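There are 2 protein chains.
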Amino acid sequence: MSELSKKQQIVSASDLLFYQRGYAATSFADIAEAVQISRGNFYYHFKSKDSILDAVISLRLANSHKLLRDWESCSLSAAERIGCFINRLLVKQTDIMRYGCPVATLNTELAKLNHPAKATASMLSTVFRTWLRRQFFLLGEKSSADLLAMHLLSRSQGAATIANTFGEQKLLQQEVQLMHDWLRTCIKLPAGNISTPSLASA
Amino acid sequence: MSELSKKQQIVSASDLLFYQRGYAATSFADIAEAVQISRGNFYYHFKSKDSILDAVISLRLANSHKLLRDWESCSLSAAERIGCFINRLLVKQTDIMRYGCPVATLNTELAKLNHPAKATASMLSTVFRTWLRRQFFLLGEKSSADLLAMHLLSRSQGAATIANTFGEQKLLQQEVQLMHDWLRTCIKLPAGNISTPSLASA
DNA sequence: AGTACGATAGGACAAATGTCTTATAAAGCT
DNA sequence: AGCTTTATAAGACATTTGTCCTATCGTACT
Chain A
1 MSELSKKQQI VSASDLLFYQ RGYAATSFAD IAEAVQISRG NFYYHFKSKD
51 SILDAVISLR LANSHKLLRD WESCSLSAAE RIGCFINRLL VKQTDIMRYG
101 CPVATLNTEL AKLNHPAKAT ASMLSTVFRT WLRRQFFLLG EKSSADLLAM
151 HLLSRSQGAA TIANTFGEQK LLQQEVQLMH DWLRTCIKLP AGNISTPSLA
201 SA
Chain B
1001 MSELSKKQQI VSASDLLFYQ RGYAATSFAD IAEAVQISRG NFYYHFKSKD
1051 SILDAVISLR LANSHKLLRD WESCSLSAAE RIGCFINRLL VKQTDIMRYG
1101 CPVATLNTEL AKLNHPAKAT ASMLSTVFRT WLRRQFFLLG EKSSADLLAM
1151 HLLSRSQGAA TIANTFGEQK LLQQEVQLMH DWLRTCIKLP AGNISTPSLA
1201 SA
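Quick mapping for you: the protein sequence lines, in order, are chains A and B. Residue numbers are given in our numbering: position 60 of the first sequence equals residue 60, and the series is strictly consecutive. All you need for our numbering is the position in the second sequence, starting with 1, plus 1000.
Structural data, given as structure tokens:
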């Protein structure tokens, strides 16, 4: 009945703990307790703490790809798909207010630590950047697709940050609304109901 | 000729190290090396590491207040003062790209650590929020001053985050430009040269 | 010169951390 | 059953951490 192998359990528990407490602040003892495993026994599955981080980043990359693929297979317009991206802030609002944006906080922590995995971790942001860029491209914004993508990425990370700092849900919701408004005006569609589709999780 | 007392030296060295490496990742040994002091001797000046953090936050609060006061004593219009706030991202761009936004990164780290000083640290953001709110209020945006202030704060922190993640100066500069554009349109001034004033540091 | 006090060095200390080794248990195969 | 491989436990190890204690240095004041 154990759906996940112990190795996978370690990775997903670490994924959560790295998000909640940060990478450096999460010790082997913490993970050991979460997975119910002996502390010294990690080295059967992983050769170092860094290699666990690598596995966690790989998992997050896979999850992100899956998320974006799902949004593309839902027969939505490109504008609606971008709306899904924006709404993700609401879907995850509880976690975001407690722990911030998972992508951004890992990146900044690894940047400060000068950690070798920083480059791989930044791929997580690149995935969203590339995906958003393609959506804007499909909307006809050929020349400024990357700028628009980065602008939206920037605003979503900023919204997550201030919500985390001030602990006010309303701030996050306001910023989400402003992003929807911005999207509507910037792609010259007068009044589509972009904000409605799919608050679906995953 | 020692302009600063040893205690002040400890605080300002910690200020820098906490920014560059993060609070938890900075050890007494690191600070000791920077200030050329014996490690065990901190407790003559501070009773714990947390109390150093408190002193650092106080210092940052004082510096922020001074910065904002300077901008107000420069006989600039409220719009120009907001422009100074936006331009701060450019003044500090080298550090921001390496270590992120000092205010945001400390807040998110303390949030993850569930650190008692989190509340005090968030005051740093509140200072800017309040100041920006007043500027927008002076511009006649009586009812939406706080919303505009938070929006700008959000965007500036988002810009810092993506610049730090991707390490691309151009991203930061683009976002700064967009913020100036937004400011110009949102306060209904047709074409003032808001972006010029005072790239002055401090 | 002698005393008092502020400042600093040096090291002790327990706890925690990442790492590694060895022994044992469990499971699969012949 | 016996053997082999996989998985787990338990603990040793050196290092680092924050904290605390004690001795010493230097300066100021009498």
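We treat Cβ as the ideally placed atom computed from N, Cα and C, and that holds for glycine. From a predicted model like this one, the values you see are computed outputs, not experimental measurements.
Contact check for B:L1061 and B:L1124: beta-carbon distance about 6 angstroms, within the 8 angstroms limit, so the pair qualifies. Identification of chain A residues near B:G1140 by a Cβ-Cβ cut-off of 8 angstroms yields none; the smallest Cβ-Cβ distance measures about 20 angstroms. Look at B:G1083 here: in three-state DSSP terms it is helix. Per DSSP, A:G167 is not a residue of any alpha helix (DSSP H), being assigned neither H nor E.
In the three-state reduction of the DSSP assignment, A:E175 falls in the helix class.
The C-beta of A:A119 comes no closer than 7 angstroms to any C-beta of chain B. Between A:Y44 and A:E109, the CB-CB gap reaches or exceeds 7 angstroms.
A:T105 reaches chain B at T1108, K1112, counting residues in chain order whose Cβ is nearer than 8 angstroms. Look at B:S1012 here: in three-state DSSP terms it is helix. Counting the other Cβ atoms within 10 Å of the Cβ of A:A159 gives 16 or more, which makes it buried. Within the segment 1163–1177 of chain B, the residues whose Cβ lies closer than 7 angstroms to some Cβ of chain A are N1164, T1165, F1166, L1171, Q1174, E1175, listed in chain order.
Under a 10 Å Cβ-count criterion, B:T1026 is classified as buried, with 16 or more other Cβ atoms of the shown protein chains found around its own Cβ. A distance below 7 angstroms separates the beta carbons of A:Q157 and A:A104. Membership of B:T1094 in the alpha helix (DSSP H) is indicated by the continuous run 1093–1099.
Here A:N41 is exposed. Its C-beta has fewer than 16 other C-beta atoms within 10 Å.
Residue range 118–138 is occupied by the alpha helix (DSSP H) that includes A:Q135. Shown in chain order are the members of the segment 123–149 of chain A whose Cβ falls below 7 angstroms from a Cβ of chain B: S125, L147. DSSP, reduced to helix, strand and coil, places A:N114 outside both helices and strands of the structure shown, so it counts as coil. From the beta-carbon of A:R60, no residue of chain B is found nearer than 7 angstroms; the closest lies around 14 angstroms away. Close to B:H1180, with beta-carbon spacing below 9 angstroms, lies no residue of chain A; the smallest spacing is near 14 angstroms. Scanning chain A for C-beta atoms nearer than 8 angstroms to the C-beta of B:R1155 yields S154, R155, G158, reported in chain order.
Between B:A1117 and B:R1133, the C-beta spacing is not below 7 angstroms.
Taking a contact as a CB-CB distance under 8 angstroms, the pair B:I1082 and B:L1183 counts as one, their CB atoms being some 6 angstroms apart.
Within the same chain, Cβ atoms closer than 7 angstroms to the Cβ of A:E72 are found at R81, the five residues on either side in sequence being excluded.
Ranked by how close their Cα comes to the Cα of B:F1128, the residues B:G1167, B:F1136, B:L1153, B:L1138 have B:L1153 in first place. Rounded to whole angstroms, A:H180 and A:I86 show a C-alpha spacing of 7 angstroms. Around the beta carbon of A:G140, fewer than 16 other beta carbons lie within 10 angstroms, which makes this residue exposed. Ranked by Cα distance from B:K1006, the first of B:L1089, B:L1016, B:I1037 is B:I1037.
At a cut-off of 7 angstroms between beta-carbon atoms, A:G83 makes no contact with chain B. In the three-state scheme derived from DSSP, where H, G and I count as helix and E and B as strand, A:T105 is classed as helix. Of the candidates A:E33, A:Y99, A:R88, the residue whose Cα lies closest to the Cα of A:R155 is A:R88. Between B:A1025 and chain A, the shortest Cβ-Cβ separation is below 7 angstroms. A:Q20 is positioned such that its CB atom lies closer than 7 angstroms to that of A:Y99. Per DSSP, B:I1187 lies in no alpha helix (DSSP H) and is assigned neither H nor E.
DSSP places B:L1076 outside any alpha helix (DSSP H), giving it a letter other than H or E.
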